[in-house]
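Student:
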Amino acid sequence: MTTTQPAPASPLAPAWLPAPGDPDALVPGLWAAGVGRAADGELTVQGLRASALAAEFGTPLLVVDEDDFRARARAFREGFDAAFADLCGGADVYYAGKSMLTLSTARWAAEEGLRVDTASGGELAIALAAGVYPAHIGLHGNNKSDAELRTALEAGVGRIIVDSLDELTHLAALAAEAGHRAPVMLRLTPGVHAHTHDFIATAHEDQKFGLSLAPASTDRDGNVAGRSPAAVAVDTALATESIDLLGVHCHIGSQIFEAEGFGLAAGRVLEFLAEVKAEHGVELAELDLGGGHGIAYTAVDEPRPAAEIADALADDVQKTVERLGLRCPRVSLEPGRAISGPAGLTLYTVGVTKTVDADAPDGGTAARRYVAVDGGMSDNPRPVLYDADYTAVSARRTSEAEPALSRVVGKHCESGDILVRDVYLPADLGRGDLLAVPATGAYTHVMSSNYNALARPAVVAVSGGLARVIIRRETQEDLFAREADPRLAR
Ligand code: LLP
Numbered sequence: 059m060t061t062t063q064p065a066p067a068s069p070l071a072p073a074w075l076p077a078p079g080d081p082d083a084l085v086p087g088l089w090a091a092g093v094g095r096a097a098d099g100e101l102t103v104q105g106l107r108a109s110a111l112a113a114e115f116g117t118p119l120l121v122v123d124e125d126d127f128r129a130r131a132r133a134f135r136e137g138f139d140a141a142f143a144d145l146c147g148g149a150d151v152y153y154a155g156k157s158m159l160t161l162s163t164a165r166w167a168a169e170e171g172l173r174v175d176t177a178s179g180g181e182l183a184i185a186l187a188a189g190v191y192p193a194h195i196g197l198h199g200n201n202k203s204d205a206e207l208r209t210a211l212e213a214g215v216g217r218i219i220v221d222s223l224d225e226l227t228h229l230a231a232l233a234a235e236a237g238h239r240a241p242v243m244l245r246l247t248p249g250v251h252a253h254t255h256d257f258i259a260t261a262h263e264d265q266k267f268g269l270s271l272a273p274a275s276t277d278r279d280g281n282v283a284g285r286s287p288a289a290v291a292v293d294t295a296l297a298t299e300s301i302d303l304l305g306v307h308c309h310i311g312s313q314i315f316e317a318e319g320f321g322l323a324a325g326r327v328l329e330f331l332a333e334v335k336a337e338h339g340v341e342l343a344e345l346d347l348g349g350g351h352g353i354a355y356t357a358v359d360e361p362r363p364a365a366e367i368a369d370a371l372a373d374d375v376q377k378t379v380e381r382l383g384l385r386c387p388r389v390s391l392e393p394g395r396a397i398s399g400p401a402g403l404t405l406y407t408v409g410v411t412k413t414v415d416a417d418a419p420d421g422g423t424a425a426r427r428y429v430a431v432d433g434g435m436s437d438n439p440r441p442v443l444y445d446a447d448y449t450a451v452s453a454r455r456t457s458e459a460e461p462a463l464s465r466v467v468g469k470h471c472e473s474g475d476i477l478v479r480d481v482y483l484p485a486d487l488g489r490g491d492l493l494a495v496p497a498t499g500a501y502t503h504v505m506s507s508n509y510n511a512l513a514r515p516a517v518v519a520v521s522g523g524l525a526r527v528i529i530r531r532e533t534q535e536d537l538f539a540r541e542a543d544p545r546l547a548r
């Protein structure tokens with residue numbers, strides 16, 4: 059479709075979704091840098107045609123533009139390093155592995171000068187196997203097992219982010235027993251929760267993560283009435299030989315577009331560090347501000363460049379440390395989605411299509427086209443879990459057909475199995491066509507399942523115009539791999 063005249067909007071479309079002039083257009087900001095369209099309209103990744111990728115590797119296929127991933131990783135490292143250079147000698151960027159961790163992605167992050175944040179023993183094993191320098195690995199988790207803590211100590215990870223008073227004393231005992239000093243960051247809950255353009259600030263925390271900055275009302279679970287769990291944790295850590303207290307950490311949410319929320323959280327945590335200095339005469343050396351940097355899933359999302367967030371935050375932090383008379387701690391952060399998300403796209407093959415009459419909010423009915431693809435909630439559970447919006451384009455060809463309000467659904471035995479709730483796609487998109495969904499690099503592969511005994515997709519990395527498999531497609535044989543009933547041995 060080449061017209062730029064928008065088609066009439068469907069009454070079923072949400073307010074944020076305008077009728078497009080051209081449903082085949084690649085909206086800037088949604089796609090990895092290597093994505094374009096060939097002269098005949100086919101979608102390409104670094105010049106590789108969608109149909110060639112689909113033919114060689116099958117669909118559904120998660121295609122990761124490695125060069126784009128690396129460029130985003132570099133942008134964070136360079137942007138934050140420059141912004142914090144004068145203030146605290148630069149910043150350390152930990153790639154949040156949970157967003158998309160494989161041996162390859164861990165290696166890319168490390169090669170680009172990032173460190174790696176892991177959230178379990180499994181993620182830690184992947185980062186170590188990828189050759190990430192142990193001192194550049196952080197281990198998170200609100201309920202780490204003894205095995206996870208022991209492995210982290212033995213491997214010599216750079217920081218264990220301790221989540222509770224219970225864990226602090228437990229880790230101290232494990233470290234003492236093993237003859238280690240545990241390098242500890244305390245995860246604090248500063249009472250700031252940010253999401254997209256909004257953030258809320260509260261005094262009390264009602265969630266499983268972290269040590270509250272608010273004074274406890276009763277003596278319970280190691281808390282001391284009138285003293286915050288965070289302060290008690292510092293008292294304990296500083297008094298414990300087997301704990302090496304490096305600093306503090308906070309993480310305030312996901313899909314954050316403004317620096318404001320990070321600045322507010324940093325302010326609260328720095329105030330706490332000033333109290334620690336007053337009480338203990340100790341200036342803690344490290345401050346981690348977590349991840350949550352937002353990305354564009356649809357045309358309405360407008361994330362800011364990493365360097366812009368970094369500059370605004372550095373300004374805020376500088377004012378706060380000056381006001382409090384603190385030496386600025388070394389700042390670190392943990393972006394995941396903002397590095398891995400936009401680098402990925404998922405290619406699906408279209409199967410069944412149908413058009414239904416749907417009840418429209420205006421009391422009438424309107425046509426909704428269902429476009430069913432060969433994957434679904436098993437390769438991207440985010441729309442079902444979080445009502446996450448995505449968009450999609452026809453990938454094998456462009457079309458002159460009118461845009462039709464469409465819903466991209468998977469092949470699972472569940473009516474909620476939606477991949478893209480609302481998108482205008484060419485009305486003639488049909489069986490055998492390819493569909494590309496952008497921004498699927500984060501929290502897809504790592505959250506995929508075998509629901510309905512579907513084999514999980516392959517992951518292909520594209521770099522320098524060449525594609526290679528980094529995670530092979532599961533086979534049906536894999537689906538039997540854990541069947542263990544000896545009476546049914548295959
Ligand atoms: N650091 C900590 C301590 C975190 O808990 C998280 C995410 C991150 C860093 C990285 O956040 P990012 O920069 O990727 O937003 N499955 C959900 C997201 C869960 C995020 C949990 N923590 C989703 O698909 O939206």
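Offset between the sequence shown (1-based) and my numbering: plus 58. Each residue gets a CB set at the ideal place from its N, CA and C atoms; glycine is no exception.
(1) By the 10 Å Cβ neighbour count, where 16 or more other Cβ atoms means buried, how is LEU443 classified, buried or exposed?
(2) Tell me the DSSP secondary structure of GLY602 in three-state form.
(3) Determine the burial state of LYS22: buried for a count of at least 16 other Cβ atoms within 10 Å of its Cβ, exposed for fewer.
(4) Which one or two residues does DSSP pair with MET243 in a beta bridge?
(5) To the nearest angstrom, how far is the alpha carbon of THR209 from that of HIS194?
(6) Using the C-alpha atoms, what's the distance from GLY189 back to VAL250?
(7) Go through its chain and collect everything with a Cβ distance to VAL389's Cβ below 6 Å, but skip five positions before and after it.
(8) Let's test the definition: count the other Cβ atoms within 10 Å of the Cβ of PRO265 and tell me whether it reaches 16, buried, or not, exposed.
(9) Less than 9 Å between the C-beta atoms of LYS202 and GLY179, yes or no?
(10) Exposed or buried, which one is ASP543 when buried takes at least 16 other CB atoms within 10 Å?
(11) With a threshold of 8 Å (Cβ to nearest heavy atom), would MET243 be considered close to ligand 1?
(12) For ASP256, is the classification buried or exposed, using 16 other Cβ atoms within 10 angstroms of its Cβ as the cut-off for buried?
(13) Of the choices TYR428, GLY499, THR533, whose alpha-carbon is the least far from that of LEU483?
(14) Take every Cβ of the stretch 501-512, pair it with every Cβ of the stretch 450-463, and state whether three or more of those distances are shorter than 8 Å.
(15) For ligand 1, I want to know if ARG440 counts as a neighbour, meaning its beta carbon is within less than 8 Å of at least one of the ligand's heavy atoms.
(16) Where are the alpha helix (DSSP H) runs, 4 residues long or more, that stay fully inside the stretch 397-468, in chain order?
(17) How would you write the range of the alpha helix (DSSP H) that ALA272 sits in, first residue to last?
(18) Can you grab the Cα-Cα spacing for the pair ARG95 / MET158, in whole Å?
(19) Just to check my reading of the structure: TRP166 and GLU124 have Cβ atoms closer than 8 Å, yes? What is that Cβ distance to the nearest angstrom?
(20) Distance, Cα to Cα, ASP221 vs VAL122?
(21) Among the candidates THR378, GLY214, ASN438, ALA205, whose CA atom is the shortest distance from the CA of ILE476?
(22) State the Cα-Cα distance for the pair ALA354 and GLY87, rounded to the nearest angstrom.
(23) For HIS470 and chain B, any beta-carbon pair shorter than 9 Å?
(24) Classify VAL30 as helix, strand or coil using the three-state DSSP reduction.
(25) By a C-beta neighbour count over all protein chains shown, 10 Å radius and 16 as the cutoff for buried, is ALA295 buried or exposed?
(26) Flag this pair as yes or no: are the beta carbons of VAL558 and ALA430 separated by less than 9 Å?
(27) Looking only at its own chain, which residues have a Cβ that is under 8 Å from the Cβ of ARG239, when we skip the five neighbours before and after it?
(28) Between which two residues does the beta strand (DSSP E) containing ARG526 stretch?
(29) For PRO544, which beta-bridge partners are listed by DSSP?
(30) Restricting to Cα atoms, I'd like to know which of ALA336, PRO248, GLU333, GLU337 is closest to GLY319.
(31) With DSSP collapsed to three states, give me the class of GLY319.
(32) Around the Cβ of VAL340, are there at least 16 other Cβ atoms within 10 angstroms (buried) or fewer (exposed)?
(33) Given that a residue counts as buried once 16 or more other Cβ atoms are within 10 Å of its Cβ, and exposed if not, what is GLN534?
(34) Taking the alpha-carbon positions, what's the ALA65 to ALA110 distance?
(35) Please name the residue, chosen from LEU322, HIS309, ASP359, that lies closest to GLY348 on a Cα-to-Cα basis.
(36) Return yes when the C-beta of GLU392 is under 8 Å from any heavy atom of ligand 1, and no when it is not.
Tutor: Let me spell this out:
(1) Classification for LEU443: exposed.
(2) With the chain covering only 59 through 548, there is no way to say anything about residue 602.
(3) As shown, the chain starts at 59 and ends at 548. That puts residue 22 outside it, with no answer to give.
(4) Bridge partners of MET243: ILE219, GLY305.
(5) 15 Å
(6) 35 Å
(7) PHE142, CYS146, ALA149, LEU345
(8) It is Gln, not Pro, that sits at residue 265 in the sequence shown. Per the 10 Å Cβ criterion, exposed.
(9) yes
(10) exposed
(11) no
(12) exposed
(13) TYR428
(14) With a cut-off of 8 Å, the stretch 450-463 and the stretch 501-512 do not count as touching, because too few Cβ pairs lie within range.
(15) yes
(16) 440-444
(17) Premise fails: ALA272 is in no alpha helix (DSSP H) and is neither H nor E.
(18) Pairing ARG95 with MET158, the inter-Cα distance amounts to about 26 Å.
(19) 6 Å
(20) 33 Å
(21) ASN438
(22) 7 Å
(23) The displayed structure is made up of one protein chain only, and chain B is not part of it.
(24) No statement about residue 30 is possible, as the shown extent of the chain runs from 59 to 548 and does not include it.
(25) buried
(26) Any question about residue 558 goes unanswered here, given that the chain covers just 59 to 548.
(27) Beyond the five residues adjoining it in sequence on each side, ARG239 comes within less than 8 Å, by CB distance, of ALA233, GLU299, SER300, ILE301, ASP302 in the same chain, given in chain order.
(28) 524-529
(29) BP columns for PRO544 are empty, so no partner.
(30) PRO248
(31) helix
(32) exposed
(33) Label assigned to GLN534: exposed.
(34) 32 Å
(35) HIS309
(36) yes
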